[in-house]
Each structure stands twice: as C-alpha cells, then as structure tokens.
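Undergrad: In my numbering, each residue's number is its place in the sequence shown (first place is 1) plus 58.
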Amino acid sequence: MLELLEPIAIFTHVARAGSFSAAARKLGISKSKVSTQVADLEHKLGVQLIQRTTRSLSLTEAGHLLYVQGEELLRDADQAVASVHNLNDATRGVLKVGISQSFGTMHIIPALPEFMARHPELELQVSLLDHKVDVVSEGLDLLLTMSEQLPLGMVARPLMKCQFLLVASPEYIARHGEPTRPEQLVDHNCLVYHGEWHEHSVWQFKRGDDYCEIGVSGNFRVDNAPALKSAAVSGLGVVYLASYLMEDEINKGTLVPLLRDWQLTHHLPLQAVYPRRKHLAPKVSSFIDFIKNHIGTPPYWDAPYQSLYDERR
Numbered sequence: 059m060l061e062l063l064e065p066i067a068i069f070t071h072v073a074r075a076g077s078f079s080a081a082a083r084k085l086g087i088s089k090s091k092v093s094t095q096v097a098d099l100e101h102k103l104g105v106q107l108i109q110r111t112t113r114s115l116s117l118t119e120a121g122h123l124l125y126v127q128g129e130e131l132l133r134d135a136d137q138a139v140a141s142v143h144n145l146n147d148a149t150r151g152v153l154k155v156g157i158s159q160s161f162g163t164m165h166i167i168p169a170l171p172e173f174m175a176r177h178p179e180l181e182l183q184v185s186l187l188d189h190k191v192d193v194v195s196e197g198l199d200l201l202l203t204m205s206e207q208l209p210l211g212m213v214a215r216p217l218m219k220c221q222f223l224l225v226a227s228p229e230y231i232a233r234h235g236e237p238t239r240p241e242q243l244v245d246h247n248c249l250v251y252h253g254e255w256h257e258h259s260v261w262q263f264k265r266g267d268d269y270c271e272i273g274v275s276g277n278f279r280v281d282n283a284p285a286l287k288s289a290a291v292s293g294l295g296v297v298y299l300a301s302y303l304m305e306d307e308i309n310k311g312t313l314v315p316l317l318r319d320w321q322l323t324h325h326l327p328l329q330a331v332y333p334r335r336k337h338l339a340p341k342v343s344s345f346i347d348f349i350k351n352h353i354g355t356p357p358y359w360d361a362p363y364q365s366l367y368d369e370r371r
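(1) Could you check if residue 266 is buried or exposed, using at least 16 other CB atoms within 10 Å of its CB as the buried criterion?
(2) So, helix, strand or coil for residue 262, using DSSP?
(3) With respect to the beta strand (DSSP E) encompassing residue 107, which residues constitute its N-terminal and C-terminal limits?
(4) Out of 306, 357 and 313, which has the shortest C-alpha to C-alpha gap to residue 289?
(5) Measure the Cβ-Cβ separation of residue 250 and residue 261 and say whether it is below 7 Å.
(6) So is residue 256 buried or exposed if we call it buried at 16+ other beta carbons inside 10 Å?
(7) In the DSSP output, which residue or residues are listed as bridge partners for residue 315?
(8) In chain order, what residues of the same chain have a beta carbon less than 8 Å from the beta carbon of residue 364, not counting five sequence neighbours either side?
(9) So, with DSSP's three-state summary, where would you put residue 121?
(10) Does the Cβ of residue 66 have 16 or more other Cβ atoms within 10 Å, making it buried, or fewer, making it exposed?
(11) Three or more C-beta pairs under 8 Å: does that hold for the stretch 151-160 against the stretch 90-110?
(12) Are the beta-carbon atoms belonging to residue 226 and residue 331 less than 7 Å from one another?
(13) So residue 200 packs on residue 345, CB below 8 Å; how close in whole Å?
(14) Please return the same chain residues whose Cβ sits closer than 8 Å to the Cβ of residue 238, not counting the five positions on each side in sequence.
(15) Exposed or buried, which one is residue 219 when buried takes at least 16 other CB atoms within 10 Å?
(16) Quickly, what does DSSP pair residue 215 with across the bridge? List them, please.
(17) With three or more beta-carbon pairs closer than 8 Å as the criterion, would you say the stretch 176-191 touches the stretch 285-303?
(18) At the level of alpha carbons, what is the spacing between residue 71 and residue 297?
(19) Let me check one thing: in DSSP terms, what residues is residue 162 bridge-paired to?
(20) Under the DSSP definition of a beta bridge, which residues are partnered with residue 154?
(21) Indicate the three-state DSSP secondary structure (helix, strand or coil) for residue 257 in the structure shown.
(22) Quick check: the Cα distance between residue 94 and residue 196, rounded to an integer number of angstroms?
(23) Assuming contact is defined by CB atoms lying nearer than 7 Å, are residue 236 and residue 293 in contact in what I supplied?
(24) So, are the CB atoms of residue 281 and residue 252 less than 7 Å apart?
(25) When DSSP labels each residue in this structure, what does residue 78 get in the three-state scheme?
(26) Do residue 341 and residue 123 count as a contact pair if the criterion is CB distance below 7 Å?
(27) Among the candidates 194, 232 and 173, whose CA atom is the shortest distance from the CA of residue 333?
(28) Could you check whether residue 68 and residue 92 sit closer than 7 Å to each other, using their CB atoms as the reference points?
(29) Consult DSSP for residue 339 and reduce its assignment to one of helix, strand or coil.
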C-alpha cells in the first residue's frame, strides 16, 4: 500500500491540472516521471485511469473515483502538517478560498488585508466565483457560498442569513405608482435574477398570518445581482434585493423601500463549506472565525435598515 501513495499523489495532480506537463511543473519533476508513475499505477490497479489523446486527457469512471479519494488523501496530508505546525499556534501554508463573486467583492476582499496581517506566514489564494462549484475538483480548502444546496461529503457552517429589501427608484414610482400589496406586483416591471442554476421569479412575503408567493415577470433578467441593483437605480423596475448589495442608495434616495410592512422571507444563507474530515485545519478555522467576526451579528450592512426590519415584526 505504501508504494502506491506517491503515484496516487502524482495522478491526483495530473487530474487536477488537466495535463501531465502542468502537473510536472507543479511538482518540480520531469514529465516522463509523471507519465511513468501514472502508467505504473494503472498497471498495479489493473484499470485505466486516464483516456489520452494527442491534445487532451480525460478521466475514466475509475479515474474520477480515484481522483476524488486522492484529493482527500492530499488534504489529509496537508492537515497532518498543519496540525504539527499548530503546536506553535501558527497558521501557515496555502489557503485556497472560493467566494461568491458579488458578495466577496463587496464585503470580503476589503477585509482580507487585516486577516493577512494577522497571519503573515499564510499564503491566501482567492477565487471569486459565479458558477456552481465543486470544492474538491477545484482544489479549494473552503467555499463561502450563498447556495442552499450542500454537496455530498461537505460540511457547512452557517455564518449569517441574508435580509431582503423590495425597492424601486423614485422615478419608477412616479411613473408607475407604488404597490401597496404583494399581489399588485404582477402589474409592475419586476427585475429578475436569472442564473444558470436558479431563477428567482417567485417572490415571498409575510405579514402576520398572511403569507403569499407572487410569480413576477418583467423585461430584464440578468445573472448578476449588482446589475439588478444598477437597473433598479436607473428606473427600470422593481427588484427583490439582498441587503448586502445595498450601500447608501436608500439614504441617498436613489432607491425607495416598498411594502414596508411586509416581511421578505426568501431564504439565502451564507455558509462556509469545506470537505468533511475529523479535524479542521487551523488555517481554515482561523479564516472562518475571522469572517464571522468581520460580518457581525446582525451583519454590519443591515444596521442602516434595522428600523425597517423592526417595522415588519
């Protein structure tokens, strides 16, 4: 078994990089050694792991299965090293973090210099993502996501739950009037988030014992939440918007809250997602704790709207 550990690690790097040459450069060894080790591994296991062509390679079913396990093997090795380093109460190594694009740009990236200053021996690699993420195949230690779906083999630690605001510009309201009940939204131009995996075109509201879901429509759909806000500011329509996207539009009067006495009940949690393992690496737990403290409870961006939230109760 021990003689298989090195070739499995090399194969995992090949699968991760998508080529023998890239894996060889990453590992600092020759391409021929990489190719030989993978061929020997296939021979010892008695299965084909990689389908090779002159221009590309792809994993077989057996190769994909071994790759997933190989990633876990490398992560366990990293964790073992990190655990030893943790004896000195230090956070070291490379931390690869994926973050939802719009949220990360607005609220996480500006805070990272403080985190790096606290952990000068840590190298941080951040990917701002706007697609459905496979934590293992993308080589991430941690994913900060607002997806409600938890991938198999992952652990999710909730960090906060998003509040929502229904808003439109004063110009739009002057032209089309202000809705007083959710049902009236069917007569308005509603701006809809339309992504590859999700379309938010059913809006939820609650007031006391009253609950309703309204199917909305309009002439503008987009797969980027900040673009929805920009469209609303320009007067295009009404938008059901996560509060973290708001800066000072309401205070400046460029956007006006609507249906102030109704709760917007769409569920959108921010979660820290990472592979299931016995012990969490110190670099990962340190990052999660930092982000949770940075966001606060309730989140710092909700402070300007707290009186509005209180009206809804």
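Virtual Cβ for every residue (Gly too), placed ideally from N, Cα, C.
TA: On the basis of the coordinates in this document:
(1) The count along the sequence shown starts at 1 and reaches residue 266 at position 208. By the 10 Å Cβ count, residue 266 comes out exposed.
(2) Locating residue 262 in the sequence shown gives position 204, where the first residue counts as 1. Of the three classes helix, strand and coil, the one that applies to residue 262 here is strand, per DSSP.
(3) Position 49 of the sequence shown, counting from 1, holds the residue named residue 107. Following the DSSP letters along the chain, one finds residue 107 in no beta strand (DSSP E), marked with neither H nor E.
(4) Numbered from 1 along the sequence shown, position 231 holds the residue referred to as residue 289. Per the Cα distances, 313.
(5) Position 192 of the sequence shown, counted from the first residue, corresponds to residue 250. Position 203 of the sequence shown, counted from the first residue, corresponds to residue 261. No, the pair does not count as a contact, with Cβ atoms beyond the cut-off.
(6) Residue 256 sits at position 198 when you count from the first residue of the sequence shown. It is exposed - the Cβ of residue 256 has fewer than 16 other Cβ atoms within 10 Å.
(7) The residue labelled residue 315 in the question sits at position 257 within the sequence shown. In the DSSP output, where bridge partners are listed per residue, residue 315 has 225.
(8) In the sequence shown, residue 364 corresponds to position 306, counting from 1. So the list reads 356, once near-sequence residues are dropped.
(9) Taking the sequence shown and counting its residues from 1, the one referred to as residue 121 is at position 63. Reduced to three states, the DSSP call for residue 121 is helix.
(10) As a working note, residue 66 is residue 8 in the sequence shown. So residue 66 ends up on the buried side.
(11) no
(12) Numbered from 1 along the sequence shown, position 168 holds the residue referred to as residue 226. Numbered from 1 along the sequence shown, position 273 holds the residue referred to as residue 331. Contact: no.
(13) Residue numbering aside, residue 200 sits at position 142 when the sequence shown is read from its first letter. Residue numbering aside, residue 345 sits at position 287 when the sequence shown is read from its first letter. Contact holds; Cβ gap of about 6 Å.
(14) As a first step, residue 238 must be located in the sequence shown, where it is residue number 180. 317.
(15) Numbered from 1 along the sequence shown, position 161 holds the residue referred to as residue 219. That one is exposed.
(16) Position 157 of the sequence shown holds residue 215. Looking at the DSSP assignment, residue 215 forms a beta bridge with 330.
(17) no
(18) Along the sequence shown, one-based indexing puts residue 71 at 13. Along the sequence shown, one-based indexing puts residue 297 at 239. Their backbone Cα atoms lie some 44 Å apart in a straight line.
(19) On the sequence shown, residue 162 is found 104 positions in, with the first residue counted as 1. Answer is none; residue 162 lacks a bridge partner.
(20) Sequence index remark: in the sequence shown, residue 154 carries index 96 (1-based). DSSP output for residue 154 lists 183 as bridge partner(s).
(21) Working through the sequence shown from its first residue, we reach residue 257 at position 199. Residue state, collapsed to three classes: strand.
(22) The sequence position of residue 94 within the sequence shown is 36, counting from 1. The sequence position of residue 196 within the sequence shown is 138, counting from 1. Distance between the alpha carbons of residue 94 and residue 196 is about 25 Å.
(23) Counted from its first residue, the sequence shown places residue 236 at position 178. Counted from its first residue, the sequence shown places residue 293 at position 235. Contact flag unset, no.
(24) By 1-based counting over the sequence shown, the position of residue 281 is 223. By 1-based counting over the sequence shown, the position of residue 252 is 194. The answer is yes: Cβ separation under 7 Å.
(25) Position 20 of the sequence shown, counted from the first residue, corresponds to residue 78. Three-state result, residue 78: helix.
(26) Here residue 123 is taken as the residue at index 65 of the sequence shown, counted from 1. Here residue 341 is taken as the residue at index 283 of the sequence shown, counted from 1. The Cβ atoms of residue 123 and residue 341 do not sit closer than 7 Å to each other.
(27) In the sequence shown, residue 333 corresponds to position 275, counting from 1. Ranking 194, 232 and 173 by Cα distance to residue 333 puts 194 first.
(28) As a working note, residue 92 is residue 34 in the sequence shown. As a working note, residue 68 is residue 10 in the sequence shown. Contact check for residue 92 against residue 68 passes: the beta carbons are separated by less than 7 Å.
(29) In the sequence shown, the residue the question calls residue 339 occupies position 281. Note: residue 339 maps to coil in three-state DSSP.
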